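The opening position of the sequence shown corresponds to residue 2 in our numbering, with each subsequent residue numbered one higher. Glycine is no exception: its CB is placed at the ideal position from the N, C-alpha and C atoms. Here the structure is a predicted model, which means the values were calculated and not measured. Notes follow once the structure below has been shown.
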Amino acid sequence: MFLFQSPPQTSYDLRFSIAGIPVRVHPLFWVIAILFGLSSSSLIHILLWVFAIFISILIHELGHAFAMRRYGQRSSIVLHGTGGLTIPEQISWGGGTANIALTPNQEILISLAGPFAGFLFAIFILLITIVMGGVITLTALFGIIPFPIAQIPNGGDIVNTLLITLLWVNIFWGLVNLMPVYPLDGGNVARYVLLQSDPWDGVRKSLWLSVITGAVVAFAAFFVMHSTYMAFLFGLLAFQSYQILQRRM
Ligand SMILES: [Zn+2]
Numbered sequence: 002m003f004l005f006q007s008p009p010q011t012s013y014d015l016r017f018s019i020a021g022i023p024v025r026v027h028p029l030f031w032v033i034a035i036l037f038g039l040s041s042s043s044l045i046h047i048l049l050w051v052f053a054i055f056i057s058i059l060i061h062e063l064g065h066a067f068a069m070r071r072y073g074q075r076s077s078i079v080l081h082g083t084g085g086l087t088i089p090e091q092i093s094w095g096g097g098t099a100n101i102a103l104t105p106n107q108e109i110l111i112s113l114a115g116p117f118a119g120f121l122f123a124i125f126i127l128l129i130t131i132v133m134g135g136v137i138t139l140t141a142l143f144g145i146i147p148f149p150i151a152q153i154p155n156g157g158d159i160v161n162t163l164l165i166t167l168l169w170v171n172i173f174w175g176l177v178n179l180m181p182v183y184p185l186d187g188g189n190v191a192r193y194v195l196l197q198s199d200p201w202d203g204v205r206k207s208l209w210l211s212v213i214t215g216a217v218v219a220f221a222a223f224f225v226m227h228s229t230y231m232a233f234l235f236g237l238l239a240f241q242s243y244q245i246l247q248r249r250m
């Protein structure tokens, strides 16, 4: 999810592992997660945001990591200031190191596994809500996109805020991540889909798709969603794709 390279190790890194997959949490992850929650009304709501972002990004990256493992590729997870990364482990190969060679379809499934792990988690949250006697209603996001709101009548403010936040992060960010824009998961999917139909020019086409989609989403984010953050993010990603294109020419 989101940006780029693994940040340097620090002595404040939190380290643990899940099902044999090493996880490292860079201190900036917590800083950015708190900033995301700062618009909330109270300390407890900020902590709920941090918890929801932590769990959701972890599940997203575990989706990638388990998919890689299915194809024989070991990996480790890093949560950092701008999201998370699942990093394939290099294997010794002929005196150097290399990644396991994955087929385009395997690459596509690995990329999709992150967002879809989040969607599955959202379905799990909705099921929990129903089992707990809660209600699910649909609201229109930005006036157009149907979006589920889960509420448990006797659940109290903390439980209900957590449910809504988890649904928001897992569904909305999952959809955002599927946009065919580098280096989002959807950008990877687009690259391998276009490479399969056009091995010579697929990468260049996927970069142009990234530039155009990024620009359109940036405009829509600014003028329709009134989200400066999303507009800035997608504007930046579109510009980066454009720069990569310039270097390839
Ligand atoms: Zn991802």
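- Relative to the non-hydrogen atoms of ligand 1, the Cβ of residue 158 never comes closer than 6 Å to any of them.
- In the three-state reduction of the DSSP assignment, residue 153 falls in the coil class, being assigned neither a helical nor a strand state.
- For the 7 Å CB-CB criterion, residue 246 and residue 208 form a contact.
- Boundaries around residue 17 are those of the beta strand (DSSP E), 15-19, since no alpha helix (DSSP H) includes it.
- When beta bridges are read from the DSSP output, residue 135 appears opposite no residue.
- Per the C-alpha coordinates, the member of 120, 145, 151, 173 positioned closest to residue 64 is 120.
- Using a Cβ-Cβ distance cut-off of 8 Å, the segment 215-224 and the segment 234-248 are in contact, since at least three pairs of beta carbons, one from each stretch, lie closer than that value.
- Below 8 Å, enough C-beta pairs join the segment 26-43 and the segment 71-83 to call them touching: three or more.
- The beta carbons of residue 58 and residue 85 sit closer together than 7 Å.
- Under the 10 Å beta carbon count, residue 200 is surrounded by fewer than 16 other beta carbons and is classified as exposed.
- Under the three-state reduction of DSSP, residue 102 is assigned to coil, being neither helix nor strand.
- Under the three-state reduction of DSSP, residue 81 is assigned to strand.
- In terms of Cβ geometry, residue 114 and residue 68 form a close pair [threshold 7 Å].
- The beta carbon of residue 115 sits closer than 6 Å to at least one heavy atom of ligand 1.
- Residue 143 sits in coil when the DSSP states are folded into three classes, being neither helix nor strand.
- In this structure, ligand 1 has a non-hydrogen atom nearer than 6 Å to the beta-carbon of residue 186.
- Contact between residue 54 and residue 170 holds, with the beta-carbon distance rounding to 6 Å and staying under 8 Å.
- By a beta-carbon distance limit of 8 Å, residue 88 contacts residue 7. Their separation comes to about 6 Å.
- Between residue 243 and residue 212, the CB-CB gap stays under 7 Å.
- Residue 167 is positioned such that its CB atom lies no closer than 7 Å to that of residue 149.
- The beta-bridge partner set that DSSP reports for residue 210 is empty.
- In the DSSP assignment, residue 192 falls within the alpha helix (DSSP H) that extends over 186-198.
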